[in-house]
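When we follow this note's numbering, the leftmost residue of the sequence shown carries the number 6, and every step to the right adds one.
Note that beta-carbon positions come from the ideal geometry of N, C-alpha and C, so glycine has one too.
First comes the structure, then the notes that go with it.
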Amino acid sequence: MAKSKSVFFCKECGYESAKWMGQCPGCREWNTFTEEPVTVSAAKRSDSGLSRKAPAEPLPVSRITENEGVRIKTGIGELDRVLGGGVVPGALVLIGGDPGIGKSTLLMQACAKIAETGRELLYISGEESLSQLKLRAVRLGPMEDSLKFMCETDLEAIENTISRIKPSCVVIDSIQTMNSSEITSSPGSVSQVRESTNILLRIAKTLNISVFIVGHVTKEGTVAGPRVLEHMVDTVLYFEGDRHASYRILRAVKNRFGSTNEIGVFEMRENGLIEVENASAYMLEGRPEGASGSVVTCLIEGTRPILLEIQALIVRTSFGMPRRQAAGADYNRVNLIMAVLERRTGLKLSDCDAYVNLTGGIRLQEPALDLCMAMAIISGFKNRPVDPGIVAFGEVGLSGEVRSVSQAEVRVREAARLGFTTCIVPKSNADKLKGITDIKIIGVSSLEECASLM
Ligand code: TYD
Ligand code: MG
């Protein structure tokens, strides 16, 4: 029997409560509860995703068949890498990101590639009409007929179509537009998004179909962000980047079938996204020559080293209170490095404005960034350029010591590969890098020592 009631949901984490609360006990956010009517039939409520009808038979490990070999390669190397080597059949993958970042484009390209292997695919859009989909498809190039498109928002209808066609992959674009008639609240509301994901989870697991779900991220407003769904799906990918710059970064924040360290780098072009394999060269494009306050560092993202330029602009403050700004880097880390520099090297930074920028709009917070940031600040303060052939990395401690970082050799080799001539590294790392001869390695043990080189 259906019963009608009203429930309160936290917009941030999906916490459910019978009464309104000022602070969510789940995520401790304030003012996030919204009231939503829910009508759920008693039979449906107990069905939490996986089908409970046929009890599963317990198996010893020797009788469990491995699924590893059957991962479906999407044919887009950067996407496969982030997924952990392709998408696992029956996996539910959520791709979140700001509107216009390229989620639909990425998934349509992946579908087109998978369709080339002869698999059946279904792309379901609740946002665009068929003719709009066609416009995008034409930009992306020819596509196989085994990739089918459909505009639909009703999940019961979608479920019927999927069980009839039985494609190997389904794309749902986007989860915020889907609605299930079991629930009375409007599409995009927390309960609706949750129920829709539940239905998709059931489809994925029972029919062994990989389902990609697109989710929009909104800071505020009534639309439930994908954070509500993160616990329900197998893999959560975020597609990010500056909308106005052309590169995009795909990052896994949760992955039941692979590592969450990998990133994929793409560039948005006229005819779709292309993979950027040589991310370092890409990030260093357009580097100013002979400018002060610019130093290159090497960070590790997943298993890949990436060279990045850090810029620091240091000017005397014109107001009582110095301004500090960090783009891409951690604001507090910038303040900390400046405090350490002031105390340990005697630079008078406390009455200076500082603007620190990781170029390319990338956001990274590895401690190995510290040394390079310190050098950029010193160079910016003294208005003296650093040799453009230098790459620096190392963690800086509160007493100004330079501490070792992981995978120093990988970083140094990447710098050498891109034609840099000198690496400034922590002393403890330098001692283990004696074998490398194609690039000059300078080990430093403190910030004072590093400042004296400049
Ligand atoms: P889209 O995939 O629609 O973004 P999302 O689904 O995340 O909202 O991509 C939208 C942007 O990408 C839009 O501004 C146009 C641009 N774009 C290109 O630059 N080249 C292309 O080939 C395509 C298809 C889109
Ligand atoms: Mg879209």
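A check of alpha carbon separations from V43 across S186, M113, E34, A373 identifies S186 as the nearest.
The Cβ neighbour count for I311, taken over all protein chains shown within 10 Å, is at least 16; the residue is labelled buried. A distance filter of 6 Å between CB atoms and the heavy atoms of the ligand MG selects the following residues in sequence order: K108, S109, E132, D178.
In the DSSP assignment, C116 falls within the alpha helix (DSSP H) that extends over 108-120. Of R261, A359, P147, the smallest CA-CA separation from L97 is found for R261.
Taking non-hydrogen atoms of the ligand TYD into account, the C-beta of L111 is found less than 8 Å away from one of them. Secondary-structure assignment with DSSP links I177 through a beta bridge to I129, I218. Under the three-pair Cβ rule at 8 Å, the region 317-332 counts as touching the region 347-366. When secondary structure is reduced to three states using DSSP, F324 falls in the coil class, being assigned neither helix nor strand. The continuous stretches of alpha helix (DSSP H) do not include D358, which lies in the beta strand (DSSP E) extending over residues 357-363.
Remark: C-beta atoms of V401 and R416 do not approach each other more closely than 9 Å. Look at the region 278-313 and you find these whole runs of beta strand (DSSP E), each 3 residues long or longer: 299-306. In this structure, the alpha-carbon of S297 lies about 5 Å from that of G385. Note on the region 426-457: whole beta strand (DSSP E) runs with a minimum of 3 residues are 427-431, 445-449, in chain order. Pairing I167 with L127 gives a Cβ-Cβ distance under 9 Å. Annotation: L346 to I268 spans about 32 Å, alpha carbon to alpha carbon. Secondary structure of R389 (DSSP, three-state): coil. Excluding residues up to 5 positions away in sequence, E17, C18 lie with their Cβ nearer than 6 Å to the Cβ of C32 in the same chain. Contact between V241 and L152 is ruled out by a C-beta separation of about 24 Å, above the 8 Å threshold. With a contact defined as Cβ atoms closer than 8 Å, A209 and S215 qualify at about 7 Å. Partner residues in the beta bridge of K10, as assigned by DSSP, are V43.
By alpha-carbon distance to N184, the top candidate from V195, C174, V175, V176 is V195. For V396, the three-state secondary structure derived from DSSP is strand. Around the beta carbon of N165, fewer than 16 other beta carbons lie within 10 angstroms, which makes this residue exposed.
Burial state of T308 is exposed, judged by a 10 Å Cβ sphere holding fewer than 16 other Cβ atoms.
Taking a contact to require three or more Cβ pairs closer than 8 Å, the region 170-177 and the region 108-127 qualify as touching. Burial state of Y243 is buried, judged by a 10 Å Cβ sphere holding 16 or more other Cβ atoms.
Per DSSP, G101 lies in no alpha helix (DSSP H); the unbroken beta strand (DSSP E) holding it starts and ends at 97-102. With three or more CB-CB distances shorter than 8 Å, the region 374-391 counts as touching the region 291-306. With respect to A397, L369 sits apart: the two C-beta atoms are not nearer than 9 Å. Comparing C-alpha distances from K108 to each of I367, G246, K439, M459 shows the shortest one belongs to G246.
Listed in chain order, the non-local C-beta contacts of L160 below 6 Å within the same chain comprise M183, S185, S201, I204, local neighbours out to five positions each way being set aside. Taken from the Cβ of R321, every heavy atom of the ligand TYD lies 8 Å or farther away. With contacts defined by Cβ atoms closer than 9 Å, L452 and R349 form a contacting pair.
By the neighbour-count criterion, in which a residue is buried when 16 or more other Cβ atoms sit within 10 angstroms of its Cβ, V143 is exposed. When DSSP states are grouped into helix, strand and coil, T240 belongs to the strand group.
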